[in-house]
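*Asks:* Residue numbers (our numbering), protein chains in the order written: chain A, 5 to 353; chain B, 5 to 353; chain C, 5 to 353.
All C-beta atoms, glycine included, are put in the ideal place defined by N, C-alpha and C.
Treat the numbers as computed from the prediction; the structure is a model and nothing was measured.
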Amino acid sequence: MSTRLGDLVKSLGGELIGDPEIIVTGIAPLEAAGEAHITFLSNTKLRSQAAATRAAALIAAASEVEALRASFHGAFILTDNPYAYYAHAAQYFVSLTAVPITPGIHATAVVSESAQIAATASIGPHVTIEAGAQVGEHCVIGAGSFIGRDARVGAATVFHPNVTFLSDCHIGARGVIQSGAVIGGDGFGFANQKGQWIKIPQTGGVRIGDDVEIGSSTTIDRGALEHTIIEKGVKLDNQIQIAHNCHIGENTAMAGCVGVAGSAKIGRNCTFGGAAMILGHLTIADNVHVSSGSLVSRSIHEAGQYTGFYPLAKNSDWEKTAAVVRQLDGLRDRVRELEKLVRELTSKK
Amino acid sequence: MSTRLGDLVKSLGGELIGDPEIIVTGIAPLEAAGEAHITFLSNTKLRSQAAATRAAALIAAASEVEALRASFHGAFILTDNPYAYYAHAAQYFVSLTAVPITPGIHATAVVSESAQIAATASIGPHVTIEAGAQVGEHCVIGAGSFIGRDARVGAATVFHPNVTFLSDCHIGARGVIQSGAVIGGDGFGFANQKGQWIKIPQTGGVRIGDDVEIGSSTTIDRGALEHTIIEKGVKLDNQIQIAHNCHIGENTAMAGCVGVAGSAKIGRNCTFGGAAMILGHLTIADNVHVSSGSLVSRSIHEAGQYTGFYPLAKNSDWEKTAAVVRQLDGLRDRVRELEKLVRELTSKK
Amino acid sequence: MSTRLGDLVKSLGGELIGDPEIIVTGIAPLEAAGEAHITFLSNTKLRSQAAATRAAALIAAASEVEALRASFHGAFILTDNPYAYYAHAAQYFVSLTAVPITPGIHATAVVSESAQIAATASIGPHVTIEAGAQVGEHCVIGAGSFIGRDARVGAATVFHPNVTFLSDCHIGARGVIQSGAVIGGDGFGFANQKGQWIKIPQTGGVRIGDDVEIGSSTTIDRGALEHTIIEKGVKLDNQIQIAHNCHIGENTAMAGCVGVAGSAKIGRNCTFGGAAMILGHLTIADNVHVSSGSLVSRSIHEAGQYTGFYPLAKNSDWEKTAAVVRQLDGLRDRVRELEKLVRELTSKK
């Protein structure tokens with residue numbers, strides 16, 4: 005599938021410097037791009053690759069043109085945010101070749117009579133939809149997925165195959181849930197009575213806003229008494245665990261393998277690197293950024309970047325430093341003692 | 005659905021101080037509770053919220069009554085363990101409104117003729133049950149679940165939708181397996197032969213006791229030659245990995261994202277915080293408690309609380325401390341040298 | 005099922021010292037082995053258990069015979085690599101009792117007319133296979149699995165039940181994918197535009213070589229523009245996350261809960277301990293070994309063992325050392341100041 009460069013820019017905005025009649029067939033990275041590709045420069049460290057690209061057109065900031073002109077002779081698409089433009093352009097190309105959705109309910113799907121399925125929705129093979137559930141217009145529910153009793157799926161939301169979306173969970177419009185994700189499993193709640201664990205029924209649901217993406221094998225538990233809440237625009241990567249009664253603010257994004265313990269309240273526009281862990285009942289302010297592999301053990305009230313992981317070293321070096329870590333308070337005491345002794349020596353002068 | 009307060013206390017025990025005719029409709033947290041709710045005080049830090057609650061009845065320790073009487077005018081339910089009482093009361097309310105189980109095998113389920121399915125069990129849509137498997141009385145097997153050859157599921161055990169329970173795995177009575185969990189995948193066993201990995205067939209099974217709960221997307225591998233063993237009363241949260249030939253003792257509980265490497269032997273009544281990791285072939289004593297994010301690299305022979313994670317800091321501060329960590333043995337040597345010099349200086353006096 | 009010892013050695017190689025007519029029924033660990041078992045000694049620490057084993061035959065290195073002869077009176081199977089021999093022998097026993105594969109497509113499977121399914125392949129209940137997909141000879145596709153549009157599955161590859169293998173993903177011959185794994189979910193790619201996350205379509209696929217094993221609930225994302233690549237012989241345990249555009253070299257093995265962020269390039273013959281984390285866009289050389297629980301934050305250009313986790317301690321001790329860690333740069337400054345003062349004192353002598 006291909007498009008005129010002029011049509012693409014007309015659709016997406018930005019300024020075209022070059023021939024609008026050029027035919028382009030897709031997007032490729034700077035070094036892999038061929039003569040029918042668009043490419044993009046979003047990181048100034050890659051300027052030399054941009055200068056050498058064979059692409060037909062380069063998405064770039066206006067400030068880059070002068071330096072690149074000498075060696076790059078293709079068209080420019082100028083924009084303030086080349087990376088976002090790339091995202092939109094990639095969506096544009098995907099829309100040209102997307103397999104059209106076939107509305108309707110597959111013959112093998114088991115759908116309760118009391119479920120409400122929009123006429124434009126597509127329900128795949130081996131899907132189960134229970135009583136009272138609602139599936140909105142233009143939704144795609146992939147093969148093998150499960151939608152529980154009284155669950156609600158907003159318009160144009162896509163479940164990839166083998167998603168489990170349990171009873172009394174709601175998700176808004178334009179959401180995406182990747183395969184293997186489980187929404188609405190029981191929160192981990194037990195009371196200890198003389199050494200036995202007594203299960204606390206988890207009677208809350210999950211409430212997920214519009215434009216939320218949930219990654220493969222990510223799990224979001226239902227609340228104990230009240231709901232677990234994921235606000236609009238949140239993006240969750242794969243293998244993330246969100247425990248019961250968490251509240252995650254708008255547009256916060258989490259990379260793979262993050263874990264959030266119960267009742268944590270996380271602000272808006274935060275980011276969490278891979279495998280960051282947030283303990284329960286904490287409050288995290290807006291615009292907090294946590295580095296990969298860092299454990300958040302106390303609430304964070306101030307925006308900023310936070311980190312806490314042990315630096316990697318050759319194993320033999322790590323063994324040496326770890327041995328000192330184990331005795332660090334002793335080392336501090338020795339420094340204190342030295343300070344005292346040196347003070348005494350100095351004062352005797 | 006609602007109940008007389010007197011009926012609830014008659015059923016669950018405890019002492020009621022107040023009118024048994026009061027009608028209550030459910031449980032809610034202290035601050036959210038309305039006039040038809042029961043609530044509970046299990047944490048003395050929340051005493052002021054308890055004093056202000058609008059709930060019809062408060063589950064509390066007898067010692068709390070005097071202080072709360074002045075401001076809280078509802079009924080008291082007195083018990084030694086308010087949190088456990090809350091758990092039982094929540095179960096009581098759930099039982100009032102639970103959707104009744106429909107016994108029988110759904111028309112779309114594929115069940116081997118040699119499988120034994122109790123007449124009171126409920127087998128959902130798109131389930132597969134292989135030859136020789138046994139499913140006990142009052143079991144519920146959720147949609148899309150798989151039960152392998154010769155597997156056994158004890159009475160009243162519930163599989164939520166999309167559980168995978170492979171051949172030669174057994175689970176006892178009253179178990180719960182959340183969606184996406186995989187029980188009985190092959191353990192990770194390979195022998196290295198001249199750089200190639202030779203697969204070691206995993207011919208053991210998994211043996212799980214009574215009253216075990218297994219969270220969403222948790223994986224428990226089958227043993228290599230012998231079984232992986234999960235004793236009764238164990239509670240596993242989501243996204244946990246239990247490798248082959250582990251043995252986990254009674255009533256041990258693990259929070260989300262914990263990993264246990266092969267052949268670890270873990271005692272009874274232990275708890276593991278989220279993302280704790282236990283290396284292989286270790287032995288952990290009874291009543292050991294491991295903090296979140298901590299890696300257990302050696303056996304633990306003594307009960308107690310153990311911790312090992314790098315403290316979180318502002319990223320700029322972390323960069324400074326991490327730089328010192330990398331040179332810690334050098335720093336210790338410098339302290340030793342200083343001690344020697346100061347001793348010399350002191351002795352010269 | 006049983007076999008003559010002579011037949012086994014004839015099939016697998018090695019030198020038999022003992023009666024080839026002995027009948028053996030399986031393999032067991034040194035201590036559990038009975039008189040009809042083979043066992044193996046692959047770790048010299050277990051020599052005393054080997055001396056006491058009741059097994060009919062012991063797989064061992066030739067150098068062990070003299071020491072063991074006095075107490076162990078069974079047969080020896082001599083080999084340079086007893087652990088690899090055990091792997092082959094276990095495969096041999098499994099092959100004797102394996103349930104034969106039933107070729108064909110189960111009546112409940114939904115297979116596109118344009119999919120190409122080899123006549124010897126076995127497609128289980130409730131499987132969905134989309135248009136253009138190819139499934140090779142002797143493949144086994146477990147119940148509930150999904151194979152997307154234009155995906156390719158090489159000969160003799162096995163998908164355990166409930167695997168999700170999405171469009172444009174390829175896997176080679178003799179692969180194994182455990183239950184719950186998701187191959188080809190969208191990579192986590194979003195461009196930030198004025199605080200909103202714009203989805204970057206993930207239009208690459210996943211390319212997996214021959215002889216690759218992928219564990220339960222492991223996720224491998226498709227590439228953004230180009231493919232995510234897993235070379236032949238790679239072994240991935242459970243709950244692993246491989247992000248978009250990673251490239252993992254031949255025969256590299258990763259234990260459970262490892263995470264690899266986007267575009268990381270990992271060499272051949274590497275090993276990663278459980279829960280190791282590799283940040284994005286890094287390059288890891290061949291023959292690098294990363295310890296469990298270690299975060300790799302910079303590229304590694306030299307083979308060797310690398311480690312970085314905080315050592316575990318009793319919680320009270322950890323609290324003391326962690327307090328010092330938070331002030332480590334201050335402690336270093338104090339040591340510097342001491343060094344200066346002591347130099348001054350010394351020079352005054």
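#1: Just how far apart, CA to CA, sit Arg-211 (chain A) and Asp-333 (chain A)?
#2: Just checking: is the beta-carbon of Val-157 (chain A) within a distance shorter than 9 Å of some beta-carbon in chain B?
#3: If we count Cβ pairs, one from each stretch, closer than 8 Å, do we get three or more for the stretch 179-190 of chain A versus the stretch 217-235 of chain A?
#4: Can you confirm whether Val-339 (chain B), when its beta carbon is compared against all beta carbons of chain A, has any partner nearer than 9 Å?
#5: Could you tell me the alpha carbon to alpha carbon distance between Glu-26 (chain B) and Ala-79 (chain B), rounded to whole angstroms?
#6: Between which two residues does the beta strand (DSSP E) holding Val-186 (chain A) run?
#7: Around the C-beta of Arg-226 (chain C), are 16 or more other C-beta atoms found within 10 angstroms, so that it is buried, or is it exposed?
#8: With 16 as the cutoff for other CB atoms within 10 Å, does Asn-242 (chain A) come out buried or exposed?
#9: List, in chain order, every chain A residue whose beta-carbon is nearer than 7 Å to that of Ala-279 (chain B).
#10: Can you give the beta carbon distance from Leu-356 (chain C) to Val-339 (chain A), rounded, assuming they're within the 8 Å contact cut?
#11: Taking the straight line between their C-alpha atoms, what separation do you get for Gly-38 (chain A) and Gln-245 (chain A)?
#12: For Thr-325 (chain B) versus Ala-317 (chain B), is the C-beta distance shorter than 9 Å?
#13: Would you tell me roughly how many angstroms separate the C-alpha atoms of Gly-10 (chain A) and Gly-140 (chain A), rounded to the nearest one?
#14: Look at the Cβ atom of Ala-289 (chain C), then the Cβ atom of Gly-278 (chain C), and state whether they are nearer than 9 Å.
#15: Any idea what DSSP makes of Ala-357 (chain A), helix, strand or coil?
#16: Answer yes or no: does any C-beta atom of chain B fall closer than 9 Å to that of Phe-260 (chain A)?
#17: Taking beta-carbon pairs under 8 Å, can you tell me which members of the stretch 162-187 of chain C lie near chain B?
#18: Inspect the beta-carbon positions of Ala-61 (chain B) and Ser-75 (chain B) and report whether they are closer than 9 Å.
#19: Measure the alpha-carbon distance for His-231 (chain B) versus Glu-306 (chain C) and round it to whole angstroms.
#20: List the residues of chain C that Gly-297 (chain A) touches, going by C-beta distances under 7 Å, in chain order.
#21: For a quick check, are the C-beta atoms of Ile-63 (chain C) and Gly-17 (chain C) less than 9 Å apart?
#22: Could you confirm whether any beta carbon from chain B is found closer than 9 Å to the beta carbon of Asp-333 (chain C)?
#23: Use the C-beta contact count for Ile-323 (chain B): other C-beta atoms within 10 angstroms, 16 or more gives buried, fewer gives exposed.
#24: Between which two residues does the beta strand (DSSP E) containing Phe-44 (chain A) stretch?
#25: I'd like the span of the beta strand (DSSP E) that includes Val-339 (chain A), first residue to last.
#26: Please name the residue in B:Leu-286, B:Asp-215 and B:Val-114 whose C-alpha comes closest to that of Arg-302 (chain B).
#27: By the 10 Å Cβ neighbour count, where 16 or more other Cβ atoms means buried, how is Gly-146 (chain B) classified, buried or exposed?
#28: If you run the structure through DSSP and keep just helix, strand and coil, what is Lys-198 (chain A)?
#29: Any idea if Glu-254 (chain C) is buried or exposed, counting beta-carbon neighbours within 10 angstroms, 16 or more meaning buried?
#30: Between which two residues does the beta strand (DSSP E) containing Tyr-310 (chain B) stretch?
#31: So, under 8 Å CB-CB, Val-144 (chain C) and Phe-163 (chain C) are touching, yes? Tell me the CB distance rounded to an integer number of Å.
#32: Using beta carbons (cut-off 9 Å, strictly below), is Pro-104 (chain C) in contact with chain B?
#33: Using only CA atoms, which one of C:His-77, C:Ala-113, C:Ala-177 and C:Ser-118 lies nearest to Phe-150 (chain C)?
#34: I want to see whether chain B comes within less than 9 Å of Ile-19 (chain C), judged by CB atoms only; does it?
#35: List the whole-angstrom C-beta distance separating His-174 (chain C) from Ala-159 (chain C), where the pair is believed to meet the contact cut-off of C-beta under 8 Å.
#36: Rounded to the nearest angstrom, how far is the Cβ of Ile-109 (chain C) from that of Val-115 (chain C), given a contact under 8 Å?
*Replies:* This is what the structure gives:
#1: The residue given as residue 211 (chain A) occupies position 207 in the first sequence. The residue given as residue 333 (chain A) occupies position 329 in the first sequence. Approximately 47 Å, taken between the alpha carbons.
#2: Working through the first sequence from its first residue, we reach residue 157 (chain A) at position 153. Chain B, which has no Cβ nearer than 9 Å to the Cβ of Val-157 (chain A), makes this no.
#3: A contact exists between the stretch 179-190 of chain A and the stretch 217-235 of chain A.
#4: Translated into the one-based positions of the second sequence, residue 339 (chain B) becomes position 335. With 9 Å as the cut-off, Val-339 (chain B) counts as an interface residue toward chain A.
#5: The sequence position of residue 26 (chain B) within the second sequence is 22, counting from 1. The sequence position of residue 79 (chain B) within the second sequence is 75, counting from 1. Note that residue 26 (chain B) is Ile in the sequence shown here, rather than Glu. When rounded, the distance between both Cα atoms is 9 Å.
#6: By one-based count along the first sequence, residue 186 (chain A) stands at place 182. Counting along the chain, the beta strand (DSSP E) containing Val-186 (chain A) begins and ends at 186-189.
#7: Here the question's residue 226 (chain C) lines up with position 222 in the third sequence. Arg-226 (chain C) is buried by the Cβ-count criterion.
#8: Residue numbering aside, residue 242 (chain A) sits at position 238 when the first sequence is read from its first letter. That one is buried.
#9: The residue labelled residue 279 (chain B) in the question sits at position 275 within the second sequence. Listed along chain A are Gly-263 and Met-281, each with a C-beta nearer than 7 Å to that of Ala-279 (chain B).
#10: Nothing can be reported for residue 356 (chain C): it is not among the residues displayed for chain C, which extend from 5 to 353.
#11: One-based indexing of the first sequence puts residue 38 (chain A) at position 34. One-based indexing of the first sequence puts residue 245 (chain A) at position 241. If you take the alpha carbons of Gly-38 (chain A) and Gln-245 (chain A), they lie about 41 Å apart.
#12: As a working mapping, residue 325 (chain B) is identified with position 321 in the second sequence. As a working mapping, residue 317 (chain B) is identified with position 313 in the second sequence. Contact flag set, yes.
#13: The sequence position of residue 10 (chain A) within the first sequence is 6, counting from 1. The sequence position of residue 140 (chain A) within the first sequence is 136, counting from 1. Near 35 Å, if we compare the C-alpha coordinates of Gly-140 (chain A) and Gly-10 (chain A).
#14: As a position in the third sequence, residue 289 (chain C) is number 285, starting the count at 1. As a position in the third sequence, residue 278 (chain C) is number 274, starting the count at 1. No, the pair does not count as a contact, with Cβ atoms beyond the cut-off.
#15: With chain A covering 5 to 353 only, the question about residue 357 (chain A) has no answer from this structure.
#16: Locating residue 260 (chain A) in the first sequence gives position 256, counting from the first residue. With the sequence shown as reference, residue 260 (chain A) is identified as Gly, and Phe is not the correct amino acid for it. For Gly-260 (chain A), not one C-beta of chain B is nearer than 9 Å to its own C-beta.
#17: Listed in sequence order: His-164, Pro-165, Asn-166, Val-180, Gln-182, Ser-183 and Gly-184.
#18: Residue mapping note: residue 61 (chain B) aligns to position 57 of the second sequence, counting from 1. Residue mapping note: residue 75 (chain B) aligns to position 71 of the second sequence, counting from 1. Against a cut-off of 9 Å, the Cβ pair of Ser-75 (chain B) and Ala-61 (chain B) comes out as no contact.
#19: Residue mapping note: residue 231 (chain B) aligns to position 227 of the second sequence, counting from 1. Residue mapping note: residue 306 (chain C) aligns to position 302 of the third sequence, counting from 1. Approximately 39 Å, taken between the alpha carbons.
#20: Taking the first sequence and counting its residues from 1, one reaches residue 297 (chain A) at position 293. Within 7 Å of the CB of Gly-297 (chain A), the CB atoms of chain C belong to Met-281 and Leu-299, in sequence order along the chain.
#21: Taking the third sequence and counting its residues from 1, one reaches residue 63 (chain C) at position 59. Taking the third sequence and counting its residues from 1, one reaches residue 17 (chain C) at position 13. The answer is no: Cβ separation not under 9 Å.
#22: Working through the third sequence from its first residue, we reach residue 333 (chain C) at position 329. Cβ-Cβ to chain B under 9 Å: yes for Asp-333 (chain C).
#23: Within the second sequence, residue 323 (chain B) is the residue found at index 319, counting from 1. According to the sequence shown, residue 323 (chain B) is Glu rather than Ile. When all chains shown are included, Glu-323 (chain B) counts as exposed.
#24: Along the first sequence, read from residue 1 onward, the residue named residue 44 (chain A) stands at position 40. If you look at Phe-44 (chain A), you'll find it in the beta strand (DSSP E) that goes 41-44.
#25: As a first step, residue 339 (chain A) is located in the first sequence; it is residue number 335 there, counting from the start. Where Val-339 (chain A) is concerned, there is no enclosing beta strand (DSSP E), although the alpha helix (DSSP H) it sits in stretches over 332-352.
#26: For the purposes of this step, residue 302 (chain B) is taken as the residue at position 298 of the second sequence. Here the closest residue by C-alpha is B:Leu-286.
#27: Translated into the one-based positions of the second sequence, residue 146 (chain B) becomes position 142. The residue is buried, with at least 16 neighbouring Cβ atoms inside 10 Å.
#28: Residue 198 (chain A) sits at position 194 when you count from the first residue of the first sequence. Looking at Lys-198 (chain A) - three-state DSSP - the assignment turns out to be coil, as it is neither helix nor strand.
#29: Mapped onto the third sequence, residue 254 (chain C) falls at position 250. Per the 10 Å Cβ criterion, buried.
#30: Counting from one through the second sequence, the residue named residue 310 (chain B) turns up at place 306. DSSP places Tyr-310 (chain B) inside the beta strand (DSSP E), whose first and last residues are 308-311.
#31: In the third sequence, counting from the first residue as 1, residue 144 (chain C) sits at position 140. In the third sequence, counting from the first residue as 1, residue 163 (chain C) sits at position 159. With a Cβ gap of about 7 Å, Val-144 (chain C) and Phe-163 (chain C) count as contacting.
#32: For the purposes of this step, residue 104 (chain C) is taken as the residue at position 100 of the third sequence. Not one chain B Cβ lies under 9 Å of Pro-104 (chain C).
#33: Translated into the one-based positions of the third sequence, residue 150 (chain C) becomes position 146. With distances taken between Cα atoms, Phe-150 (chain C) lies closest to C:Ala-113.
#34: Counting from 1 along the third sequence, the entry for residue 19 (chain C) is found at position 15. For the record, residue 19 (chain C) in the displayed sequence is Glu; it is not Ile. Glu-19 (chain C) does not count as touching chain B.
#35: What you label residue 174 (chain C) is simply residue 170 of the third sequence in a count that begins at 1. What you label residue 159 (chain C) is simply residue 155 of the third sequence in a count that begins at 1. Actually they are not in contact, since the Cβ atoms of His-174 (chain C) and Ala-159 (chain C) sit about 13 Å apart, beyond 8 Å.
#36: Within the third sequence, residue 109 (chain C) is the residue found at index 105, counting from 1. Within the third sequence, residue 115 (chain C) is the residue found at index 111, counting from 1. Cβ atoms of Ile-109 (chain C) and Val-115 (chain C) come within 8 Å of each other, at about 6 Å.
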